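Mapped onto our numbering, the consecutive letters of the sequence shown carry residue numbers -8 to 144.
Ideal Cβ placement from N, Cα and C applies to all residues, glycine included.
Predicted, not measured: the structure shown is a model, and the values here were computed from it.
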Amino acid sequence: PADCRALIDKLKVCNDEQLLLELQQIKTWNIGKCELYHWVDLLDRFDGILADAGQTVENMSWMLVCDRPEREQLKMLLLAVLNFTALLIEYSFSRHLYSSIEHLTTLLASSDMQVVLAVLNLLYVFSKRSNYITRLGSDKRTPLLTRLQHLAE
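This is the structure:
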């Protein structure tokens, strides 16, 4: 759909600061449902943001980069990406194309509950709208389910 393409094109040209502002403004989905593959370029960019945020801090393997106080801007962008992605997944087809599940699993170890809740919300959208999680290969599903079980305990 044209409205979908317009949003994709608008977001693709944003730098990180602009992307944060644009994503924070999107609270509800007001455009048509579309195929997830149209979003591949942006999802690749989001994957990089998730990967950066989920890196462990040098000499502190228990701490994620997004948990460092001086990385507040990255955390804000991460939260905006997670929240937007939840909306996108809810209103798209071909969810099996989403390939950042390993990063979501890693981010569940964040010490920031806002990050953990945003990841859980995205996983919830996947679980209520598709069989995405059950169709994951065991190499991706097992670590995710293990991490979720640890959170539950």
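In this structure, Y115 sits away from K24, with a CB-CB distance that is not shorter than 8 Å. Counting C-beta pairs closer than 8 Å gives fewer than three between the segment 124 to 134 and the segment 71 to 82, which falls short of the contact rule. Closest option to D7, judged by alpha-carbon separation, among V106, L65, F84 and R138: L65. Using a Cβ-Cβ distance cut-off of 8 Å, the segment 117 to 127 and the segment 42 to 62 are not in contact, since fewer than three pairs of beta carbons, one from each stretch, lie closer than that value. The criterion of a C-beta distance shorter than 8 Å is not satisfied by S91 and L136.
T97 is the residue among T97, L79, N122 and S102 whose C-alpha sits nearest the C-alpha of P134. Straight through space, the alpha carbons of D32 and R138 are spaced by roughly 28 Å.
The shortest C-alpha to C-alpha distance from V106 to any of G45, I124, N21 and N122 is the one to G45. The C-beta distance from L11 to L68 rounds to 5 Å, short enough to meet the 8 Å contact threshold. Where L55 is concerned, there is no enclosing alpha helix (DSSP H), although the beta strand (DSSP E) around it starts and stops at M51 to L55. In the three-state reduction of the DSSP assignment, V72 falls in the helix class, which pools H, G and I.
Partner residues in a beta bridge of V31, as assigned by DSSP, do not exist. In this structure, L99 places its C-beta atom within 8 Å of the C-beta atom of L142. Boundaries of the alpha helix (DSSP H) harbouring H141: S129 to A143, taken from the DSSP string.
In the structure shown, S101 adopts coil according to DSSP, grouped into three states. As a beta-bridge residue in DSSP terms, V48 pairs with M51.
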